[in-house]
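Structure record follows, encoded as C-alpha cells.
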Amino acid sequence: MRRVQVKDVAALAGVSPATVSRVINKHPHISPQTRARVLAAIEQLGYQPSRVAQRLRMGITHIFGLILSDITNPFFTAAVRGIEDVAYARDYSVLLCNADEQVEREALYTRVLLAEKVAGVIISPTDEKCTTCAAFLEHGIPVVAMDRRIRGLAIDTVVVDNVQGAYQAVSHLIRLGHRRIGLIGGRLEISTGRERQEGYLQALRDHGIPVDPELIRVGDFKQESGYRHACELLSLPNRPTAIFAANNLMTLGALNAIHKQGLAIPRDVAIVGFDDMPWAASLNPALTAVAQPAYDLGRTAAELLLARIADPDRPAQEVVLHTQLIVRQSCGSAT
Numbered sequence: 163m164r165r166v167q168v169k170d171v172a173a174l175a176g177v178s179p180a181t182v183s184r185v186i187n188k189h190p191h192i193s194p195q196t197r198a199r200v201l202a203a204i205e206q207l208g209y210q211p212s213r214v215a216q217r218l219r220m221g222i223t224h225i226f227g228l229i230l231s232d233i234t235n236p237f238f239t240a241a242v243r244g245i246e247d248v249a250y251a252r253d254y255s256v257l258l259c260n261a262d263e264q265v266e267r268e269a270l271y272t273r274v275l276l277a278e279k280v281a282g283v284i285i286s287p288t289d290e291k292c293t294t295c296a297a298f299l300e301h302g303i304p305v306v307a308m309d310r311r312i313r314g315l316a317i318d319t320v321v322v323d324n325v326q327g328a329y330q331a332v333s334h335l336i337r338l339g340h341r342r343i344g345l346i347g348g349r350l351e352i353s354t355g356r357e358r359q360e361g362y363l364q365a366l367r368d369h370g371i372p373v374d375p376e377l378i379r380v381g382d383f384k385q386e387s388g389y390r391h392a393c394e395l396l397s398l399p400n401r402p403t404a405i406f407a408a409n410n411l412m413t414l415g416a417l418n419a420i421h422k423q424g425l426a427i428p429r430d431v432a433i434v435g436f437d438d439m440p441w442a443a444s445l446n447p448a449l450t451a452v453a454q455p456a457y458d459l460g461r462t463a464a465e466l467l468l469a470r471i472a473d474p475d476r477p478a479q480e481v482v483l484h485t486q487l488i489v490r491q492s493c494g495s496a497t
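Under this note's numbering, the first residue of the sequence shown carries the number 163, and numbering increases by one thereafter.
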C-alpha cells in the first residue's frame, strides 16, 4: 500500500500542501477552522501514524520528562546538567522524577508525566523490560533510554561501553599481580550490572585466571549493598587481594567496610570503582576509577530526544560512549 503523503492530506482537507505543513509545525497564522480540517484529514488518513495528529490535538508542552533510577547517585548530577543545557538552549524545561530503583515509583511518575503531556521522556529505567516506556509510546510520546538499555522496544538509546570499562579496571588489577579479585556488581536484570560483570569475567578469562563464584557478589547499586558484600568478601578464609565495585555508591560502601575492618588500602586490599567522582582524587589513597562521560551522556540523550520529536519516523539509534580508566593510588600490587 502506498504511504500517505502531505498532498493526500491537503486534497482531503481542501487546502494546499503548504498549509498542511504549517498546521503540523504549529504555525500561528492558521484559522481554527482550517486547522481542524487538516487535523481531521490527518486522523482519517493516518498520516505519519496517528502520533502526529495525536500530539497536535493534545497540545504537547515544551517539557522533557526525566525519570532517574536513583537521584542520590552523584553520577546523574552531570548527566542532568547535560540534559538541561540542551533543553534550555531549545526553550524546553525539564521535569525531574526519582524512581529510586522501584518499579512502582517509576509507574507512578509515568502517570504524572502523561498527565503533564510532556513532549518526550528520557529514562534510566529500573527494569530492563520497562513496561512504563511502552505506555509513553502508546500515547505517542517519544522515549530515550539513558545509561541502561531496554529490551523489546525500538527506541533511541545512549549508554557507555560498560563491558570495556570493567574489562580495563580488572585488567589493571591483574597487571599489578592480583589474582583473587572480588566483584561487587549490580542487578543482572539491568544492563549496566550484567555488562560490567561480563567485563570482569572476560578480563579473568583473557588472562587465564579461573572464575571463582565465591568472589562474585550481586548488589543493588546502593551504598549499603556495597558495604555488606565487601564485608562478606573480606571475611572469606582466603579473602580477595582486590575488589572491583561496579558503581560509585557501592564503592563508598566497600571503602567503609575496608576501613571498619582496620585494613589498609592498597597494602591489605586494593580497590577500583566504576564512576570517577570529584571526591575520588581527594581520598587517601586516591581512588582508581573508571570515568564515565556523564555530561555527554545527558547531552546526547537530550539531542536524541529532540531529533525524535522533529522526526518521529526515523530509525532508532544507539549511541555508545567510551569510558576511561583513571589510575591513582588505590590498587597497589599483590606482591
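Here a beta-carbon is modelled for each residue, glycine too, at the ideal position from N, C-alpha and C.
Spell out the partners DSSP gives Ser397 in its beta bridges. In DSSP, Ser397 forms no bridge with anything.
Rounding to the nearest angstrom, what Cα-Cα distance links Gly460 and Gly176 in this structure? Using only the alpha carbons, I get a separation of about 44 Å.
List the whole-angstrom C-beta distance separating Ala416 from Ile433, where the pair is believed to meet the contact cut-off of C-beta under 8 Å. The pair is a contact, with the Cβ atoms about 6 Å apart (cut-off 8 Å).
Relative to the C-alpha of Val481, which candidate in Ser255, Asp170, Val322, Gly227 has its C-alpha closest? It is Val322 whose Cα lies nearest to the Cα of Val481.
In chain order, each alpha helix (DSSP H) run of at least 4 residues that lies wholly inside the region 164-245: Runs of the alpha helix (DSSP H) lying entirely within the region 164-245, each at least 4 residues long, are 168-175, 179-186, 194-207, 213-220 in chain order.
Simplified DSSP state of Val305, which is helix, strand or coil: DSSP places Val305 in strand when its eight states are reduced to three.
Just reading off the beta strand (DSSP E) that Arg379 is part of, what are its end residues? Here the beta strand (DSSP E) through Arg379 covers 378-380.
If you follow the alpha helix (DSSP H) that Thr413 is in, where does it begin and where does it stop? Looking at the DSSP string, the run of the alpha helix (DSSP H) that includes Thr413 is 410-422.
Look at the alpha carbon of Ala478 and the alpha carbon of Val248, and state the distance between them as a whole number of angstroms. Taking the straight line joining both Cα atoms gives about 20 Å.
Three-state secondary structure (DSSP) at Glu351? The answer is coil: DSSP assigns Glu351 none of H, G, I, E or B.
Identify, in the order they occur along the chain, each residue of the same chain with its Cβ nearer than 7 Å to the Cβ of Arg429, setting aside the five sequence neighbours on each side. Excluding sequence neighbours, Arg429 sits near Gly494.
Here's the rule: buried if 16 or more other CB atoms are within 10 angstroms of the residue's CB, otherwise exposed. What is Tyr329? Tyr329 comes out buried.
Apply the 10 Å Cβ neighbour rule to Ala139 and answer buried if 16 or more other Cβ atoms are within range, or exposed otherwise. Given that the chain is displayed from residue 163 to residue 497, the structure contains no residue 139 and the question cannot be resolved.
How many Å lie between Leu363 and Glu376 at the Cα? Distance between the alpha carbons of Leu363 and Glu376 is about 13 Å.
Would you mind sorting Asp309 into buried or exposed? The rule is 16 or more other CB atoms within 10 Å of its CB. So Asp309 ends up on the buried side.
With a CB to CB cut of under 8 Å and the five nearest residues on each side skipped, what residues in its chain are close to Leu483? Correct list, in chain order: Val320, Val321, Val322, Asp323, Gln454, Pro455, Asp458, Leu459, Thr462.
When the Cβ atoms of the region 342-362 are set against those of the region 376-385, are three or more pairs found closer than 8 Å? Contact between the region 342-362 and the region 376-385 is present, because at least three Cβ pairs lie under 8 Å.
Excluding five sequence neighbours on each side, which residues of the same chain lie with their C-beta closer than 6 Å to the C-beta of Ser212? A caution first: Ser212 carries a pLDDT of 43, below 50, which makes its placement in the model too unreliable to give a value.
Roughly how many angstroms lie between the CA atoms of Ile427 and Thr234, to the nearest whole one? It is roughly 26 Å from the alpha-carbon of Ile427 to the alpha-carbon of Thr234.
beta-carbon Tyr254 near the ligand HEM non-hydrogen atom, thresh 7 Å: Because no ligand of any kind appears in the structure shown, any question about the ligand HEM cannot be addressed here.
Residue interval of the alpha helix (DSSP H) (run including Cys295): 293-300 is the span of the alpha helix (DSSP H), which, as asked, contains Cys295.
Indicate the three-state DSSP secondary structure (helix, strand or coil) for Glu268 in the structure shown. DSSP, reduced to helix, strand and coil, places Glu268 within a helical segment of the structure shown.
Quick one: Cα of Tyr209 to Cα of His189, how far? So the two alpha carbons sit approximately 18 Å from each other.
Using 8 Å as the threshold, is the region 291-308 in touch with the region 264-282, meaning 3 or more CB pairs across them? The answer is yes - the region 264-282 touches the region 291-308, with three or more Cβ pairs under 8 Å.
Applying the criterion that 16 or more other CB atoms from any shown protein chain within 10 Å of the CB defines a buried residue, is Tyr389 buried or exposed? Buried, by the Cβ-count rule.
Contact check, Val168 vs Val185, beta carbons under 8 Å: No, they are not a contact pair.
Starting from Ser333, follow the alpha helix (DSSP H) in both directions and report where the run begins and ends. Its alpha helix (DSSP H) spans residues 324-337.
Which residue marks the beginning of the alpha helix (DSSP H) containing Glu465, and which one marks its end? Bounds of the alpha helix (DSSP H) holding Glu465 are 456-472.
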